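Number of protein chains: 2
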Amino acid sequence: MAKFLRVNMSDGTVTQESPCEQYKHLGGRALTSRIVADEVAPTCHPLGPSNKVVLAPGLVTGTHAPSSGRISVGAKSPLTGGIKESNAGTPFSQQMGRMQIKALIIEGQAEEGFWLLVLDESGLRLQQADDLAGMGMSDVVDTLTERFGEHAGVMGIGPAGEMKMSMAGICFNDNENRASRYSGRGGLGAVLGAKGVKALVIDDTDAPGVEIKDQEMFRQGTRKLSDALREHEVTRPGGTLNSYGTAALINVLSEAGGLPVCNFSGGTYEEADDISGETIARMIEERGGEGMTGHSCHPGCIIQCSNVWPKEDGSEHVSVIEYESDWALGANLGISDLDAIAEMIRLCNDIGVDTIETGVTLGVAMEAGVAEFGDADRAIELIKEIGEGTPLGRILGQGAEVTGRVFGVTRVPTVKGQGMPAYEPRAVKGIGITYATTPMGADHTAGYTIGPEILAVGGEEDPLSPEGKAEISRDLQVATAFLDSTGYCLFTAFAILDIDSGFEGMVESVAGVLGTDWTADDATSLGEDVLDWEREFNRQAGFTRADDRLPEFMKLEKLPPHNQVYDVTDEELDRVHGE
Amino acid sequence: MAKFLRVNMSDGTVTQESPCEQYKHLGGRALTSRIVADEVAPTCHPLGPSNKVVLAPGLVTGTHAPSSGRISVGAKSPLTGGIKESNAGTPFSQQMGRMQIKALIIEGQAEEGFWLLVLDESGLRLQQADDLAGMGMSDVVDTLTERFGEHAGVMGIGPAGEMKMSMAGICFNDNENRASRYSGRGGLGAVLGAKGVKALVIDDTDAPGVEIKDQEMFRQGTRKLSDALREHEVTRPGGTLNSYGTAALINVLSEAGGLPVCNFSGGTYEEADDISGETIARMIEERGGEGMTGHSCHPGCIIQCSNVWPKEDGSEHVSVIEYESDWALGANLGISDLDAIAEMIRLCNDIGVDTIETGVTLGVAMEAGVAEFGDADRAIELIKEIGEGTPLGRILGQGAEVTGRVFGVTRVPTVKGQGMPAYEPRAVKGIGITYATTPMGADHTAGYTIGPEILAVGGEEDPLSPEGKAEISRDLQVATAFLDSTGYCLFTAFAILDIDSGFEGMVESVAGVLGTDWTADDATSLGEDVLDWEREFNRQAGFTRADDRLPEFMKLEKLPPHNQVYDVTDEELDRVHGE
Chain A
1 MAKFLRVNMS DGTVTQESPC EQYKHLGGRA LTSRIVADEV APTCHPLGPS
51 NKVVLAPGLV TGTHAPSSGR ISVGAKSPLT GGIKESNAGT PFSQQMGRMQ
101 IKALIIEGQA EEGFWLLVLD ESGLRLQQAD DLAGMGMSDV VDTLTERFGE
151 HAGVMGIGPA GEMKMSMAGI CFNDNENRAS RYSGRGGLGA VLGAKGVKAL
201 VIDDTDAPGV EIKDQEMFRQ GTRKLSDALR EHEVTRPGGT LNSYGTAALI
251 NVLSEAGGLP VCNFSGGTYE EADDISGETI ARMIEERGGE GMTGHSCHPG
301 CIIQCSNVWP KEDGSEHVSV IEYESDWALG ANLGISDLDA IAEMIRLCND
351 IGVDTIETGV TLGVAMEAGV AEFGDADRAI ELIKEIGEGT PLGRILGQGA
401 EVTGRVFGVT RVPTVKGQGM PAYEPRAVKG IGITYATTPM GADHTAGYTI
451 GPEILAVGGE EDPLSPEGKA EISRDLQVAT AFLDSTGYCL FTAFAILDID
501 SGFEGMVESV AGVLGTDWTA DDATSLGEDV LDWEREFNRQ AGFTRADDRL
551 PEFMKLEKLP PHNQVYDVTD EELDRVHGE
Chain B
1 MAKFLRVNMS DGTVTQESPC EQYKHLGGRA LTSRIVADEV APTCHPLGPS
51 NKVVLAPGLV TGTHAPSSGR ISVGAKSPLT GGIKESNAGT PFSQQMGRMQ
101 IKALIIEGQA EEGFWLLVLD ESGLRLQQAD DLAGMGMSDV VDTLTERFGE
151 HAGVMGIGPA GEMKMSMAGI CFNDNENRAS RYSGRGGLGA VLGAKGVKAL
201 VIDDTDAPGV EIKDQEMFRQ GTRKLSDALR EHEVTRPGGT LNSYGTAALI
251 NVLSEAGGLP VCNFSGGTYE EADDISGETI ARMIEERGGE GMTGHSCHPG
301 CIIQCSNVWP KEDGSEHVSV IEYESDWALG ANLGISDLDA IAEMIRLCND
351 IGVDTIETGV TLGVAMEAGV AEFGDADRAI ELIKEIGEGT PLGRILGQGA
401 EVTGRVFGVT RVPTVKGQGM PAYEPRAVKG IGITYATTPM GADHTAGYTI
451 GPEILAVGGE EDPLSPEGKA EISRDLQVAT AFLDSTGYCL FTAFAILDID
501 SGFEGMVESV AGVLGTDWTA DDATSLGEDV LDWEREFNRQ AGFTRADDRL
551 PEFMKLEKLP PHNQVYDVTD EELDRVHGE
């Protein structure tokens, strides 16, 4: 029987609940957002006792459905002040799914110190974790893997979360027990830190596995989806993502003039190829040793877009150099040295901060004169200061918006307080609509218009034109809200947008698990519901249309090489979700 | 002919305009708020070229009306993100009034460097001011007084404004050319700094004086008002304010359990008497020398509540130790040494920061462990760091909300990002309603319910009861919006609330200047209009009811000695301004 687990950190009580009817067909983002909307006062302090951290595996997570090992984490975000869902790919999610834990709700606030939660088939226990306090995530995972065995999954926060920094993420182990998979965005690590939770260990020994109500439907669906994934050029084994990783986008975006350079002051990076996915793959091959492309973040992934970056001598340096990190800590800082970027990613993973927010923040700090663009040594030092919690590190640890505020900088690329990812809205108009209007704050994954605007996936649109982009962003936001609820990786979208049977199969696989007769319309309907819940939470938290806007500088400053300002009108932005 | 002056810092142009009809009967806050609402995009970046700084003397400022030397400064606030009016008492306001400059509008943004604006009867000129850049306000006033003569009035910003700190105020000279009178609240100094204006010098030689349309009415009004001021115990010569200054409130509030102590963790200060107005007056008399009570901030004040604090040897230390500064840098930090408090005020005046925001911010920083409560030496060092712009100083310089955010503190006494003044809402319920619902952010002056709740002025109410306080706060907010538009000091309110002929006289004096037949109803109507304009600006800037709330901790933590939480309901708060 699928269950909710609830741990109250104020008094240490743990309760098990049968989810009531309204939660029965929800998972992943739909479930975290619904529980947060139902249980968290929208005006509460995100770091106070009234906030809650909700973890939920996707609806099919833990089954053999391909590329479905995502876990959603939800809470009120200290970065945006609104509702947040951030998901990660990790075997941890699958263990939770197999244990039939639909949601784990962490509430209240420990009076002092940090705690370790231990979760297995006998239940959930709290253990004092003073020995783990202050520890980087790499040591946390090593320590807990040693203590609980290789099979144990680990979730935790680094020093950044303990210091309640708004760029702190929640870390999960990858397939080989690296501290490398992050629910990075929105400062959820700070919320966990404020509750006094340092880490959670999960052991699914003797777990019953996910209950699949209609095995035939499920098998039929997963087969169709697998076929689509194996067919599409972007997702197939040996295809783009598998061969070059997500950083295959570096050259593409730079050529399109949409790769933000040096704190969003340009759209083309002259040294793009030095940090491109092609170069990453070539160097991994050249260096040999422990480096690899085609690495997967959880078992059962067909796409396998991750990688392990080797040092010059072939020994492992870090996993993973993906597009967003590569851009944020590379092009956005004018840095083109992959080894420096790798080191910055390693530090971020260990300190426990979101690589995107870190890169955007350092860009703003460089704009303020704290460091020179291109100075990799200084950038590495600054990230270390975040981990050490020096006054400067504390500033940076709060993200780009606070850093801009502290240094009086006006070119601050954020929406709802969250730093923008690796697509420049002035050159790719639709993605700006997603940044502006998703309840999540600037977030590319929430409605990835890059597909039709740049990659000719799911249609083909002129990136520089505002025309029709409100609808495209909206439709993708709805589809994504559904996808994020299933546990499937967002990258399955490449295949299902272009191959109808793939999407059919995805819906059938979900219907198979739930024992429903869902069709595409039900998927859309769920996606719309999720957005409604999230937007209503934000409305009650004080968000208005004025928050659904890009920063003023993008409307005043022309971006080279296209020399365009952001010209999607406010009316167009407001049309996305209507009233 | 009354005129507007407009200087565009982007291109250096200066224009003179005849105010159109809608501005004719506005002055002070009514005029700054109306112009800001009409000309500034509510969603603009407060430190960008789209914001404007508007200066306006009150309607009767520059006449012989008693205690009427206030100047209003308006802009979009970098501290609150909403509209802001902050007024100061200074001869500068009277010079502007006599020059018939209804409003000075500073817009655009200098490309680089800092500028000095020179304003006299021949017009307004821009001069490069690289020599003044980085200078503290004390030296700025000394330098400009020397350069332009004793008669010149000075307005300017210290290093804090140059660094665009959200606690930076705009400084004006006092009667004896001290850099001591501040439009302190809301970070208006940062807005001026962002425009590239370091200072403005005003010389009213050959000024025509304020045009008084109906001399008889004006004389009659000012006579009634003067009589009331000379009669009321609080405002009369030799009365409470004149003898003990505003710090006469220290003991009163502490005894009422409403004096916030150590970052709003208590309501009674055991060492209150060490920093009380009575002690200040006694020590000034004992030390002799240059110290004085009954000092006035501008010519023509009957109340004369200011003081000059002497060092132990009798030489001047600082002007002025007033209640808010005394509390913010004293009781709120657990510091009871008046000489230390005086030194902190001197530093604040020189660096150019609001003493209230500084004290509230240091309280939050102490809560975070940056310093111990009661450690005056460290508090002084921290203020110096603000002036130096060290990373820690930069954090503090952004005010209490950002400091709380950076250090992950949840007990942060702010509303709309602005630090709370010296009255604890859990012990004085009505003032919390004003903090929550005024468009200004936490601001006691916006609707001073302390009159009826604590001082038995304008009625007598139980401070601990929420009953009927929404109406009281609203009525006072309306009356204050009118008062702030006249140029009269808020402290005239003590007399006009209790003595009907005093209020009659105030309205008549304004009607006399304008040549209108205004009665009390017109005053109320103007006050209501001003609040409507301000609230509409804030609404468009993205404010909602969720912003009209006190911080969560005040609803969760009981405050000694009354052990009450803040129990005014959200519905009651929303009733203040209705829909």
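Residue numbers (this note's numbering), protein chains in the order written: chain A, 1 to 579; chain B, 1 to 579.
Note that beta-carbon positions come from the ideal geometry of N, C-alpha and C, so glycine has one too.
Since this is a predicted model, take the numbers as computed values, not measurements.
Can you name the start and end residues of the alpha helix (DSSP H) that residue i belongs to?
i: B:Arg405; result: 400-407
i: A:Trp327; result: 323-328
i: A:Lys429; result: 429-437
i: B:Thr145; result: 137-148
i: A:Leu241; result: 240-244
i: B:Lys384; result: 376-388
i: A:Ala160; result: 159-162
i: A:Gly28; result: 28-39
Here's a check: name, in chain order, each residue in its chain whose Cβ is nearer than 8 Å to the Cβ of residue i, leaving out the five neighbours to either side.
i: B:Glu312; result: Arg287, Asp339
i: B:Thr268; result: Ser254, Glu255, Gly257, Leu259, Val261, Pro560, Pro561
Only counting the same chain, and skipping five residues up and downstream in sequence, which positions put a Cβ closer than 6 Å to that of residue i?
i: B:Gly221; result: Gly505, Glu508, Ser509, Gly512
i: B:Gly330; result: Ile275, Ile341
i: A:Phe172; result: Ala88, Thr90, Phe92, Met155, Arg181
i: B:Phe148; result: Val201
i: B:Pro42; result: Phe537, Gln540, Ala541
Distance cutoff 8 Å, beta carbons only. Does residue i sit that close to anything in chain A?
i: B:Ser407; result: One point to set straight first is that residue 407 of chain B is Phe, not Ser, in the sequence displayed. It does: the Cβ of B:Phe407 has a partner Cβ on chain A nearer than 8 Å.
i: B:Ala541; result: yes
i: B:Ile83; result: no
i: B:Arg303; result: According to the sequence displayed, residue 303 of chain B carries Ile and not Arg. Cβ-Cβ to chain A under 8 Å: no for B:Ile303.
i: B:Ser50; result: yes
i: B:Gln398; result: yes
i: B:Ile431; result: no
i: B:Arg587; result: A query on residue 587 of chain B cannot be resolved here, the shown segment of chain B reaching from 1 to 579 and no further.
i: B:Thr437; result: no
Indicate whether at least one CB of chain B lies closer than 8 Å to the CB of residue i.
i: A:Asp547; result: yes
i: A:Met163; result: yes
i: A:Val402; result: yes
i: A:Pro391; result: yes
i: A:His577; result: no
i: A:Leu362; result: no
i: A:Leu47; result: yes
i: A:Ile380; result: no
i: A:Cys20; result: no
i: A:Thr43; result: yes
i: A:Ala133; result: no
Measuring only between beta-carbons, confirm whether residue i sits less than 8 Å from chain E.
i: B:Glu552; result: Included in the structure are the protein chains A and B, with no chain E among them.
Which residue marks the beginning of the beta strand (DSSP E) containing residue i, and which one marks its end?
i: A:Met608; result: The question about residue 608 of chain A has no answer here: the residues shown for chain A are numbered 1 through 579.
i: A:His317; result: 316-318
i: B:Phe92; result: No beta strand (DSSP E) holds B:Phe92; the alpha helix (DSSP H) holding it covers 91-98.
i: A:Gly48; result: Taken as a continuous stretch (DSSP letters only), A:Gly48 belongs to no beta strand (DSSP E), as it is neither H nor E.
Contact check, residue i vs residue j under 8 Å by CB: the rounded distance?
i: A:Thr403; j: A:Ala365; result: 6 Å
Apart from the five residues just before and just after residue i, which ones in its own chain have a Cβ nearer than 7 Å to its Cβ?
i: B:Glu322; result: Gly245, Thr246, Ala247
i: B:Gly447; result: Thr434, Thr438, Ser473, Leu476, Gln477, Thr480
i: A:Ile345; result: Val318, Ile321, Ser325, Leu329, Thr355
i: A:Ala371; result: Ala365, Arg378, Ala379, Leu382
i: B:Lys429; result: Pro463, Leu464, Ser465, Pro466, Lys469, Val568
i: B:Lys555; result: Val565, Tyr566
- Item | Contact the stretch 55-63 of chain A vs the stretch 487-507 of chain A: 3+ CB pairs below 8 Å | yes
- Given 8 Å as the limit, is there contact between the stretch 373-392 of chain B and the stretch 403-419 of chain B, that is, 3 or more CB pairs closer than that? no
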